[in-house]
Each structure stands twice: as structure tokens, then as C-alpha cells.
Amino acid sequence: AQSVSQHNHHVILSEAASLELGCNYSYGGTVNLFWYVQYPGQHLQLLLKYFSGDPLVKGIKGFEAEFIKSKFSFNLRKPSVQWSDTAEYFCAASDFGNEKLTFGTGTRLTIIP
Amino acid sequence: SQTIHQWPATLVQPVGSPLSLECTVEGTSNPNLYWYRQAAGRGLQLLFYSVGIGQISSEVPQNLSASRPQDRQFILSSKKLLLSDSGFYLCAWTSGKGGGKLFFGSGTQLSVL
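So the sequences go chain by chain: L and S. Throughout, my numbering is defined as the position within the first sequence, counted from one, plus 20. Throughout, my numbering is defined as the position within the second sequence, counted from one, plus 601.
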């Protein structure tokens with residue numbers, strides 16, 4: 021069965037620190053990968069997505085993620101975090117051509133000013 | 602532009618009472634519609650999805666049901682609520698054209714007492 025794992029449940033960083041949030045997936049075939057973010061009091065929104073091509077994907081607000089097929093991973097990175105990045109981050113995956121997403125359990129990111 | 606409306610925002614219901622949560626989408630046609638439940642530490646669990654009027658797929662066996670009486674209306678129901686039905690319910694839509702980008706509603710916090 022398809023599954024998505026996020027092993028970091030809560031990450032606390034100081035401003036300007038570098039960020040990497042882990043995401044691993046278990047899918048049988050070609051996969052689409054996503055990162056969604058939920059800022060406090062706001063709707064879930066798409067941060068970035070990977071369908072094909074360059075495995076390094078750039079999203080909004082300076083975030084990027086790298087698809088490493090051999091490791092079944094799609095980790096989210098940002099070189100220097102800001103206080104406004106405090107949010108909950110969800111990794112998600114779907115079968116290629118299918119819009120039905122499976123989400124990970126989420127990682128709560130707290131940035132200390 | 603497209604918008605998604607979900608109501609009510611909060612709901613407190615006694616065990617054994619019925620439930621009806623409504624979601625409507627504006628500004629698009631033939632969307633795929635989804636009901637998710639978000640629980641702390643468990644991420645987003647897909648409950649139901651629909652690719653058209655009257656077409657409902659259930660992802661997990663449970664005490665809930667869904668209906669799609671109109672193209673842009675999606676309803677989550679229960680005849681008799683259980684304590685375990687408490688949670689945060691999110692409606693979402695995708696274009697159905699393979700892009701995979703989910704647009705979420707603001708959610709309903711359901712407390713069953």
C-alpha cells in the first residue's frame with residue numbers, strides 16, 4: 021500500500037539556521053510528490069511539487085526539495101529559515117496521473133527569533 | 602477565481618446524533634472533491650473522494666458517508682455519531698486535469714460528547 025513517512029514530528033530552530041525535513045514514500049510505480057504547508061490560522065497550501073524532470077524542485081518562499089529515487093525520499097530544505105516559516109509541513113504523494121494524495125503525519129516547525 | 606466554502610467552522614454534537622457537513626466550490630466545473638480528517642500526530646487521512654455527481658469512493662470503513670448531489674457540492678454525513686468521529690474535517694478539490702494541486706477549505710472542528 022502507498023504510504024508517506026515523516027520522521028520529524030517537531031523541529032525547533034533559530035532564525036537563520038538551515039532546515040531539512042525528511043520525507044520518505046512507499047509507492048509501487050511512478051510517483052508525484054508534494055509538500056504542503058499550514059501556517060497558524062490559515063488553510064493548507066501547496067509549497068512545491070515534483071512530477072518529472074529536474075529532481076531539485078524550487079517552491080515558494082525560498083523552499084526547495086530534492087527527489088532521490090534510490091532513497092525513496094523527497095526532503096524539504098531551506099538554507100536560512102525565518103520566524104515566519106513557523107508552520108506545520110506535510111509531505112504527500114500520489115500515483116502518476118492520479119490526483120488522490122496520501123499525506124504524511126506532518127512536521128511542526130517552530131522558529132525561535 | 603475559485604473558492605471553496607466549508608461550514609460550520611465548529612460543531613459540538615452528542616453521541617448518537619446525526620451529522621451533516623457541507624462543502625461547496627465556486628469558480629470551477631467538474632472538480633474532484635475530497636473529504637479529509639486531520640488528527641494531531643496522524644496527518645491527513647483521506648475519507649472520501651468524488652470524480653463526479655453521485656460518484657463516491659470510500660477510502661476507509663467508518664461510521665461516515667458522503668454524497669455529491671450537485672457538481673460543486675460535497676456533503677459528509679453520519680446517521681449516528683460516535684465519540685471516535687471527533688476531529689478536524691477538511692474539504693478539498695482538485696481540477697481533475699492531473700495537476701494534483703489540492704485546494705483546501707477552512708475546515709470543521711467536530712467534537713462529539
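Ideal Cβ positions, reconstructed from N, Cα and C, are used throughout, including at glycine.
Check: I want to know whether the segment 122 to 130 of chain L touches the segment 686 to 693 of chain S - three or more CB-CB distances under 8 angstroms.; Outcome: no
Check: Which residue or residues does DSSP assign as beta-bridge partners of residue 93 (chain L)?; Outcome: L:44 and L:88
Check: Mapping DSSP to helix, strand and coil, what is residue 665 (chain S)?; Outcome: coil
Check: Can you tell me whether residue 74 (chain L) is buried or exposed, with buried defined as 16 or more other CB within 10 angstroms of its CB?; Outcome: exposed
Check: Determine, using beta-carbon pairs with one atom in the segment 625 to 645 of chain S and one in the segment 669 to 677 of chain S, whether at least three such pairs fall under 8 angstroms.; Outcome: yes
Check: Excluding sequence positions up to five away, which residues of its chain have a Cβ less than 6 angstroms from the Cβ of residue 98 (chain L)?; Outcome: 39, 82 and 83
Check: Against chain L, does residue 643 (chain S) count as a neighbour if the rule is that its beta carbon must be under 8 angstroms from one of theirs?; Outcome: yes
Check: In chain S, which residues lie with their C-beta within 8 angstroms of the C-beta of residue 117 (chain L)?; Outcome: 699
Check: Give a yes or no on whether the minimum CB-CB distance between residue 659 (chain S) and chain L is below 8 angstroms.; Outcome: no
Check: Tell me the DSSP secondary structure of residue 685 (chain S) in three-state form.; Outcome: helix
Check: Consult DSSP for residue 105 (chain L) and reduce its assignment to one of helix, strand or coil.; Outcome: helix
Check: Once DSSP output is grouped into helix, strand and coil, what is the label at residue 73 (chain L)?; Outcome: coil
Check: Which first and last residues belong to the beta strand (DSSP E) in which residue 54 (chain L) is found?; Outcome: 51 to 58
Check: Return the CA-CA distance between residue 70 (chain L) and residue 122 (chain L), expressed in angstroms with no decimal places.; Outcome: 15 angstroms
Check: Tell me which same chain residues have a C-beta within less than 7 angstroms of the C-beta of residue 102 (chain L), skipping the five on either side of it?; Outcome: 35 and 131
Check: Going by Cα to Cα distance, which pick from L:117, L:113 and L:125 is closest to residue 46 (chain L)?; Outcome: L:113
Check: What residues match up with residue 627 (chain S) in a beta bridge as DSSP calls it?; Outcome: S:604
Check: Counting only beta-carbon separations shorter than 8 angstroms, does residue 690 (chain S) have a partner in chain L?; Outcome: no
Check: Please say whether residue 704 (chain S) and residue 639 (chain S) have beta carbons closer to each other than 8 angstroms?; Outcome: no
Check: Could you pull the DSSP bridge partners for residue 646 (chain S) from this structure?; Outcome: S:638
Check: For residue 50 (chain L), collect the residues of the same chain with a Cβ closer than 6 angstroms to its Cβ; drop the 5 residues on either side in sequence, then sort them by chain order.; Outcome: 116
Check: Taking the straight line between their C-alpha atoms, what separation do you get for residue 136 (chain L) and residue 25 (chain L)?; Outcome: Residue 136 (chain L) is absent from the model: chain L starts at 21 and stops at 133.
Check: Which residue from L:80, L:53 and L:32 puts its Cα closest to that of residue 88 (chain L)?; Outcome: L:53
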